[in-house]
Every structure is written in structure tokens, then in C-alpha cells.
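Asker:
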Ligand code: ADP
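See the structure below:
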């Protein structure tokens, strides 16, 4: 039984997942009493645990071994008796078990010129920029998340275009975390 919720922050590359996750953790540690949220960067996990089976030159990206990756994710989130509090940051929800996650936040940047600039600033090749822009326009990540979690009402889409959005989104997610904790503490007392 988790004492803190697990959250996935997802969305097309460049929408602000890592920045938002960092802001959530900062708010959590400075709240009173502090809330022990932990960042799980799947990008880092892919590299440090070698969950890849080669490199796609065309798309300038590692080819992810999803089975191996999900084994590693499960190990991480079950660690510490599965107490929860993971803020998971990844551009996809594919492979995640529904039961691992309490909230899926899909960040959206539908202002294509803004997303274009962010992706180009990373030095991505034109085809990689275009592929990600298309994915954002068609809402690929959002659709995938809804297939898993919409029925449970656990998917929220938040706009991430301007700097203020980062702050607002992080505040909103923290409010959600606090009410989750409150609800679950009450459940515990009654049960
Ligand atoms: P992701 O983790 O989704 O790939 P990042 O958090 O690394 O995205 O953000 C990519 C770049 O875009 C960073 O330079 C970040 O500062 C900027 N950025 C992301 N979201 C916003 C936003 N809502 N407003 C302004 N800049 C943003």
C-alpha cells in the first residue's frame, strides 16, 4: 500500500517534463511538512541499466528494450516496500502497468513554433524535429495514456507553453498530491 502517489509526467520530447518534474520536487521538499517525492528519469534508467538494443542513426536515439526497461522500472518503484512518491518522467506510458501509477499528467505544447524552437535548440535533425512535432499535433502520447488510465479518471492534460505554465502545473500537481495523501490517510483510519 503506497503512502504517497506515483505520478507519470509524460508528453512529446520538449514539452517540459524534466523541468516540471524538478519544479514539483522542489515544491515538495520546501512544503511544510516536506513531502518525500523522488524523481525517476526513465532516460537515465535506459542508459544506466543498459535497457537498449542499439542506436537508431536516423532518429538519433537509443533503441529501447521495453521489457528490460519495465523490469527495471518495477524494481525501482517496488523499492522501499513500494511506499510510492515517484515522479516518473518519460515520453511514453507504453509498458507501464496501470496499477503502478495513480496519476498521469500529459504536458501539451500545441504551439508548434514554440515546440519547434525547443527541439531545434537541442540540435535534433530535421526529421526528428518533424516526427516529434507530428506526434504532438496528433496527440499520440495523450491517446496512449488515455487507453491505459482514462477509465479510472487518472489522466490530466496540462498546457506547457510559457514559463508560468511550469509553475502553475507544478502547483496544481502538488495540490493533487496533498489531497491524495489526505484521502488515503482517512481511508486508513476508517479501514
Ligand atoms: P522534456 O523533458 O519534456 O523533453 P524539458 O523539460 O527538457 O522537456 O524542456 C525542454 C526545454 O524547453 C528546456 O530548455 C526548458 O526550459 C524549455 N521549456 C519546457 N517547457 C517550457 C515552458 N512551459 N515554458 C518555457 N520553457 C519551457
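Numbering (the UniProt record's numbering), first residue to last: 1 to 191.
Glycine residues also receive a C-beta, built at the ideal position from the N, C-alpha and C atoms.
Just so you know, these numbers come straight off a predicted model, no measurement behind them.
1. Using 8 angstroms as the Cβ pair cut-off and three pairs as the minimum, do the stretch 165 to 179 and the stretch 117 to 127 touch?
2. For the stretch 87 to 99 and the stretch 28 to 45, state whether three or more C-beta atom pairs, one from each stretch, are separated by less than 8 angstroms.
3. In the DSSP assignment, what are the bridge partners of residue 56?
4. Say the cut is 8 angstroms; is the CB of residue 173 nearer than that to a heavy atom of the ligand ADP?
5. Using only Cβ atoms and a threshold of 6 angstroms, which residues come within that distance of a heavy atom of the ligand ADP? Order them by chain position.
6. Judging by CA-CA distance, which residue of 170, 76 and 184 is the nearest neighbour of residue 27?
7. Please report the straight-line C-alpha distance between residue 77 and residue 2, rounded to a whole angstrom.
8. Under a Cβ-count criterion, where at least 16 other Cβ atoms within 10 Å of its own Cβ denotes burial, should residue 108 be classed as buried or exposed?
9. Among residues of its own chain, excluding the 5 on either side of residue 119, which ones have a beta-carbon nearer than 6 angstroms to its beta-carbon?
10. Would you tell me roughly how many angstroms separate the C-alpha atoms of residue 30 and residue 152, rounded to the nearest one?
11. What runs of the alpha helix (DSSP H), each 4 residues or longer, lie entirely inside the stretch 140 to 171?
12. Can you tell me which residues form a DSSP beta bridge with residue 4?
13. What residue does the beta strand (DSSP E) around residue 108 start on, and which one ends it?
14. Where residue 100 and residue 58 are concerned, what is the direct C-alpha to C-alpha distance, given to the nearest angstrom?
Answerer: On the basis of the coordinates in this document:
1. In short, these stretches do not touch, since the Cβ pair count stays below three.
2. Proximity of the stretch 87 to 99 to the stretch 28 to 45 meets the contact definition, three or more beta-carbon pairs being nearer than 8 angstroms.
3. The secondary-structure analysis by DSSP pairs residue 56 across a beta bridge with 61.
4. For the ligand ADP, not one heavy atom lies less than 8 angstroms from the Cβ of residue 173.
5. Residues flagged by the Cβ proximity filter: 11, 13, 14, 15, 16, 17, 18, 19, 118, 160, 161, 162, 163, 165 and 166.
6. Residue 27 has its Cα closest to that of 170, out of 170, 76 and 184.
7. Taking the CA atoms as reference points, residue 77 sits about 10 angstroms from residue 2.
8. Label assigned to residue 108: buried.
9. Answer for residue 119: 14, 129 and 132, listed in chain order.
10. One alpha carbon belongs to residue 30, the other to residue 152, and they sit about 30 angstroms apart.
11. Here the runs fully enclosed are 140 to 149.
12. DSSP, once it has assigned bridges, lists 84 as partnering residue 4.
13. Taken as a continuous stretch (DSSP letters only), the beta strand (DSSP E) holding residue 108 covers 103 to 108.
14. For residue 100 and residue 58, the distance between alpha carbons rounds to 33 angstroms.
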